[in-house]
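**Student:** Line by line, the protein sequences give chains A and B.
Quick note on the working numbering: the first sequence kicks off at 1 and runs consecutively.
Quick note on the working numbering: the second sequence kicks off at 1 and runs consecutively.
Yeah, the Cβ is synthetic: ideal placement off N, Cα and C, and Gly gets one too.
One structure, pasted below without further comment.
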Amino acid sequence: MVFIRAENLSLTYTLRERPTLARRAPHLVGPGGRIEERAGRRLVRALEDVSFELKSGDRLGLVGTNGAGKTTLLKVLYGILAPTGGKVVTDGRIDALFNINLGFRREATGRRNIELRGLINGWSPEEIEARMEEIIAFSELGDFIDVPFKSYSQGMAARLAFSIATSMKPEILLMDEWIGAGDPGFQERARRRMSELAERAGIIVLASHNETLLSRVCTSRLELEGGRVKAFSQRDPEFYIGQS
Amino acid sequence: MESLKGAFDDVGSGLRMRRIWMALAQEDIGDQHRRTRLGPLWLLISYLAFAGTFIFVFQRGDSGAQNYPAYVATGLLVWLYIMETINQSITLFAREESFIKGTTLPLTVYVMRLAMQSVIRAAYALAGCIAILALSGVAFSAGWMWSLAGIVLLLVVTPAVIIVIAFLGAYFPDSQFVVSNLMRIGMFLTPVFWSYEGSGGLRHFLYYWNPFTYFLEIVRAPILTGDMAAYPFLFCLASGCLIWAIALFTLGRCRRQLVFVL
Chain A
1 MVFIRAENLS LTYTLRERPT LARRAPHLVG PGGRIEERAG RRLVRALEDV SFELKSGDRL
61 GLVGTNGAGK TTLLKVLYGI LAPTGGKVVT DGRIDALFNI NLGFRREATG RRNIELRGLI
121 NGWSPEEIEA RMEEIIAFSE LGDFIDVPFK SYSQGMAARL AFSIATSMKP EILLMDEWIG
181 AGDPGFQERA RRRMSELAER AGIIVLASHN ETLLSRVCTS RLELEGGRVK AFSQRDPEFY
241 IGQS
Chain B
1 MESLKGAFDD VGSGLRMRRI WMALAQEDIG DQHRRTRLGP LWLLISYLAF AGTFIFVFQR
61 GDSGAQNYPA YVATGLLVWL YIMETINQSI TLFAREESFI KGTTLPLTVY VMRLAMQSVI
121 RAAYALAGCI AILALSGVAF SAGWMWSLAG IVLLLVVTPA VIIVIAFLGA YFPDSQFVVS
181 NLMRIGMFLT PVFWSYEGSG GLRHFLYYWN PFTYFLEIVR APILTGDMAA YPFLFCLASG
241 CLIWAIALFT LGRCRRQLVF VL
């Protein structure tokens, strides 16, 4: 049974200010949440008391202004950041679409980049081999797949990154904004592929500013403000079925 | 206790992901020589040029060693490995920042990626070292197995050294300049191309109080003498255990905070 349960999640960390002789920037801006002064230390409260529970079929939209804690929450759910309070309990394989361009090597061929990205994603050599042809076919790179990545146009590189990132079969899918790539023709296929991926996934958590997208994809909505839950609402499932 | 368990988990899962770090390390070495005709053979040529220069410049001087070419070849092999590893370690986590902030890979994967790179570089140098040993007429003996044991010990200690120095570099970025300067002068303060033959003074101090001396000797001494270098070996074994203890403690305490420090 696929599920995510976040119980009173909090994440607080110290904003480190190293003693330096170099000129310091006049104002330090934290990456998100709220900054508090305590005992001479500057603490960032990135998340505070966030709780929710998602089960198979749920699609949660994370909304909030920049710095509200959306990406931080996604990273806590994925396991990159450890919460300093509360806990996350999950059942199911978690995949994330955060930075799909991460780790591509300019000098390696497209094929080798698929292998390397696959290894980084935790795929076995058999899984990489099984997905290789499908990824190459979807990216439409043809013979270019055996040419170094650095000779690709921006669009070709984006198509390859998108094809690899979306070839997984996630049980829980975390997304920081919806992704798309390439020319208009590819964009349409990318849209279809993303919809299929979203349908296949047991649970989706999607952080986005795009209200149209959120209303199309998500069944519930969590609004964050300064790292705290401002509002949580669930949509009538029948409404969702009617929209899809 | 909890943090120590986390450190062991990180090391365990990192080692299991050997396919990733082996592949990335091979790519790293390949990338550095991708457009050259000789490729990674440049690593061998660099080593031979370095060793050759020392042998020809210092051989007739007050070197003190009986088989000076073999002495320099083995000393330089180990020293270059140590120097490369430490110099690269200090900026390791800063270089891997986007991976650390974007994936859930254990930190040991990055540590082993660097360790693997150092081993590949050293393997090319080793080919040069064996060639110099063959030409220098040093007699092969069963005692060389102790040298092999020394190399194994060096390899086992490497990830721990990388962990400690990488955290040092991440938490105290200024340390990268301290470390790179220390390693630059370390070559002259370590008996890489000079030897201690009972002379006193500064050399005596540098020879006995420089920990690098012992890591050089566990590989070099058995080749030159045919016997085990017992005291250096025990010193390296004990300091290796200590470094691993510090590394696991640091990894356990700091691995979750690292992402906020970078």
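Could you pull out every residue in the same chain whose Cβ sits closer than 7 Å to the Cβ of N210/B, ignoring the five residues on either side in sequence?
**Tutor:** Excluding sequence neighbours, N210/B sits near L189 and T190.
**Student:** For Y47/B, which option in A123/B, T213/B and V152/B has the closest C-alpha, if you only look at C-alpha atoms?
**Tutor:** Among A123/B, T213/B and V152/B, the Cα nearest to that of Y47/B belongs to A123/B.
**Student:** Counting Cβ pairs closer than 8 Å, one from the region 239–259 of chain B and one from the region 167–177 of chain B, do we hit at least three?
**Tutor:** As far as the Cβ criterion goes, the region 239–259 of chain B touches the region 167–177 of chain B, which means the pair count is three or higher.
**Student:** What is the DSSP secondary structure of T53/B, counted as helix, strand or coil?
**Tutor:** It is helical.
**Student:** Beta carbons nearer than 9 Å to chain B: which residues of the region 105–129 of chain A have them?
**Tutor:** Per Cβ criterion, the list reads R105, R106, E107, A108, R112, E115, L116, L119, I120, N121, G122, S124 and P125.
**Student:** Would you call K75/A buried or exposed, if buried means 16 or more other Cβ atoms sit within 10 Å of its Cβ?
**Tutor:** The residue is buried, with at least 16 neighbouring Cβ atoms inside 10 Å.
**Student:** Just to make sure I have the definition right: I need the residues of chain B whose C-beta is within less than 7 Å of the C-beta of L81/A. Which are they?
**Tutor:** Residues of chain B passing the Cβ test: V259.
**Student:** When the Cβ atoms of the region 41–48 of chain A are set against those of the region 116–135 of chain A, are three or more pairs found closer than 8 Å?
**Tutor:** No, they do not touch.
**Student:** Which residues does DSSP list as the beta-bridge partners of D58/A?
**Tutor:** In DSSP, D58/A forms no bridge with anything.
**Student:** Residues in the region 27–44 of chain B with C-beta within 8 Å of chain A's C-beta atoms, listed in sequence order?
**Tutor:** Correct list: E27, G30, D31 and R34.
**Student:** At least one CB of chain C closer than 8 Å to the CB of G69/A: is that the case?
**Tutor:** Looking at the structure shown, chain C is missing, and the protein chains on hand are A and B.
**Student:** Taking only the alpha-carbon atoms, compute the straight-line gap between L141/A and K230/A and give it to the nearest angstrom.
**Tutor:** Their backbone Cα atoms lie some 45 Å apart in a straight line.
**Student:** Determine, for F215/B, whether the minimum Cβ-Cβ distance to residues of chain A falls below 8 Å.
**Tutor:** It does not: the Cβ of F215/B has no partner Cβ on chain A nearer than 8 Å.
**Student:** Could you tell me if L28/A is buried or exposed, where buried requires 16 or more neighbouring beta carbons within 10 angstroms of its beta carbon?
**Tutor:** Residue placement at L28/A is flagged as unreliable, the pLDDT there being 44, under the threshold of 50; the coordinate-derived value follows with that caveat. Exposed is the call here.
**Student:** Within the chosen definition, does the region 170–183 of chain A reach the region 97–110 of chain A through at least 3 CB pairs nearer than 8 Å?
**Tutor:** Touching, yes, given that three or more Cβ pairs across the two stretches are closer than 8 Å.
**Student:** Below 8 Å on the Cβ atoms is my guess for E223/A versus G69/A; work out the distance and round it to an integer in Å.
**Tutor:** That belief does not hold up - the Cβ atoms of E223/A and G69/A are roughly 11 Å apart, past 8 Å.
**Student:** Give a yes or no on whether 8 Å exceeds the smallest Cβ distance from G102/B to chain A.
**Tutor:** Answer yes: the Cβ-Cβ gap between G102/B and chain A drops below 8 Å somewhere.
**Student:** Does L80/B have its Cβ less than 8 Å from a Cβ in chain A?
**Tutor:** Cβ-Cβ to chain A under 8 Å: no for L80/B.
**Student:** For M1/B, count neighbouring Cβ atoms within 10 angstroms of its own Cβ and tell me buried if that reaches 16, exposed if not.
**Tutor:** Answer is exposed; the Cβ neighbour count stays below 16.
**Student:** Name the residue from G6/B, V11/B and S3/B whose alpha carbon lies nearest to the alpha carbon of V156/B.
**Tutor:** Nearest option by C-alpha distance: V11/B.
**Student:** Look at the Cβ atom of L234/B, then the Cβ atom of A94/B, and state whether they are nearer than 8 Å.
**Tutor:** Their beta carbons are not under 8 Å apart, which means L234/B does not touch A94/B by this criterion.
**Student:** Go through the region 137–177 of chain B residue by residue and report every complete run of the alpha helix (DSSP H) that reaches 4 residues or more, in order.
**Tutor:** As far as the region 137–177 of chain B is concerned, its whole alpha helix (DSSP H) runs of at least 4 residues are 144–171.
**Student:** From what residue to what residue does the alpha helix (DSSP H) around R193/A run?
**Tutor:** Element bounds for R193/A: P184 to R200.
**Student:** Taking C-beta to C-beta, are A25/B and L77/B nearer than 8 Å?
**Tutor:** Result no, Cβ atoms of A25/B and L77/B do not sit closer than 8 Å.
**Student:** At a CB-CB cut-off below 9 Å, which residues of chain A make contact with F99/B?
**Tutor:** Going along chain A in sequence order, the residues near F99/B (Cβ under 9 Å) are L102, G103 and I120.
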